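Numbering (UniProt numbering), first residue to last: 1 to 338.
Okay, here's the thing in structure tokens:
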């Protein structure tokens, strides 16, 4: 009986977290903080398309995870008053899956494909004529008896998002006539405004110093900022008190997030690089083996933020920890690195 109650509480918490993520997502342009240049371009593109009474051209967003690519897609759908149908690259496994999605679209619908770089090449080939000419080429049969049927598709707009634009083929990139937009990291001031808005939605009373403290550790990313805010809220709910600078410090220290936003895994990477390899340079293969960590995890999860902070350098000879990294983890820089 107790086990059933525990499972029910876990399910309820999971649903609550999902509900909170949806609630914190901006639902109008004025609530979307940051990315001003992209917003201005999109407003012009959407208004021009509306005046011509045509669906907007296909649009691609790219950049690190958590910067608001999916949110922008939903905002565009709301601005257009259109239905949005969402899927992801890995979910479309066969040509038939894509054909089913496209033929079920209504005129003016938006199709949002997240992580589009993970589409396989055969599916990409089917997507080209759909994007360019609004037709779907389906091959029926095999061998000499095979024939092609061409289906007319309703006018639609493809919105796509990717964290790794280099993996997209050039022909696919060139078909995004509406534009290819790169989302930039946010400033601390912008992150502070996002946290303030989220705190109001969550009904959490916060001090300005607490907001600054969370913003400093948010890795310039809204998703991380909202995650840290929710964990700080949980901490003060259980421990008592208000969301102050001290309670934020205690909560995030418990999570292992330090004053510049490094996690335990980030610090471990720097320590291994400094203590085992004298600060580098060291190759990615060797570093991966020393950390018992996948190479793609090091490249995609840890390195971008460490490089942005100036703690890590990628050189032709390998990875190197900078003087700032040595100071941060409290280690002296080897004279070999000068």
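We put the beta carbon where it would ideally sit given N, CA and C, even for glycine.
All values reported here derive from a predicted model rather than from experimental measurement.
Assuming residue i contacts residue j (C-beta within less than 8 Å), just tell me the rounded distance between them.
i	j	result
residue 239	residue 207	At roughly 16 Å, the Cβ-Cβ gap does not stay under 8 Å, so residue 239 and residue 207 are not in contact.
residue 60	residue 98	Going by Cβ atoms, the distance from residue 60 to residue 98 rounds to 17 Å, so no, they are not a contact pair.
residue 213	residue 248	4 Å
residue 76	residue 102	Not really, about 19 Å apart at Cβ, beyond 8 Å.
residue 64	residue 304	6 Å
residue 340	residue 233	Nothing can be reported for residue 340: it is not among the residues displayed for the chain, which extend from 1 to 338.
residue 115	residue 162	6 Å
residue 291	residue 306	Going by Cβ atoms, the distance from residue 291 to residue 306 rounds to 13 Å, so no, they are not a contact pair.
residue 192	residue 215	4 Å
residue 326	residue 265	Not really, about 18 Å apart at Cβ, beyond 8 Å.
residue 23	residue 194	About 14 Å; that fails the 8 Å criterion.
Which first and last residues belong to the beta strand (DSSP E) in which residue i is found?
i	result
residue 206	Taken as a continuous stretch (DSSP letters only), residue 206 belongs to no beta strand (DSSP E), as it is neither H nor E.
residue 86	84 to 88
residue 60	59 to 62
residue 312	312 to 315
Shortest alpha-carbon distance to residue i belongs to which of the options?
i	options	result
residue 256	159, 217 and 233	217
residue 148	195, 63 and 138	138
residue 329	263, 185 and 25	263
residue 87	110, 67 and 79	110
residue 53	222, 270 and 80	80
residue 362	225, 144 and 273	The chain is shown only over 1 to 338; residue 362 falls outside these bounds and no answer can be derived.
residue 261	74, 185, 187 and 220	220
residue 104	155, 72 and 89	155
residue 73	302, 91, 243 and 38	38
residue 181	259, 69, 272 and 199	69
residue 300	198, 49, 66 and 250	66
residue 196	229, 254 and 276	229
residue 190	313, 23, 34 and 30	34
residue 89	160, 288 and 284	160
residue 184	29, 28 and 36	36
residue 322	91, 279 and 48	279
For residue i, decide whether its Cβ has a neighbour in chain D, counting only Cβ atoms nearer than 8 Å.
i	result
residue 241	Structure shown: chain D not included; a single protein chain is present.
Which residues in the same chain have their Cβ closer than 7 Å to the Cβ of residue i, if we skip the five residues on either side of it in sequence?
i	result
residue 167	117
residue 58	131, 157, 158, 175, 176, 177 and 178
residue 95	122, 123 and 126
residue 259	216 and 217
residue 276	290
Looking only at its chain, what residues have a beta carbon closer than 8 Å to the beta carbon of residue i, apart from the 5 residues adjacent to it on each side?
i	result
residue 324	309, 310 and 311
residue 171	124 and 128
residue 71	25, 26 and 32
residue 50	80
residue 271	329 and 331
Could you give the first and the last residue of the continuous alpha helix (DSSP H) run that contains residue i?
i	result
residue 271	264 to 275
residue 51	36 to 52
residue 159	Where residue 159 is concerned, there is no enclosing alpha helix (DSSP H), although the beta strand (DSSP E) it sits in stretches over 157 to 162.
residue 79	69 to 80
residue 324	323 to 329
residue 305	303 to 309
residue 255	245 to 255
residue 342	Look at the range of the chain in this structure, 1 to 338, and you will see that residue 342 is not part of it.
Using C-beta distances below 6 Å, list every residue in its chain close to residue i, excluding the 5 sequence neighbours before and after it, in chain order.
i	result
residue 281	315, 317, 318 and 320
residue 134	153
residue 85	111
residue 331	274
residue 241	247
residue 108	55 and 82
residue 188	215
residue 62	162, 165 and 182
**OP:** Please go through the segment 97 to 136 and give each complete beta strand (DSSP E) segment of 3 or more residues, from N-terminal end onward.
**Re:** 110 to 114
Original post:
Which full runs of the alpha helix (DSSP H) of 4+ residues lie inside the segment 172 to 233, going along the chain?
Top reply: 188 to 201 and 208 to 216
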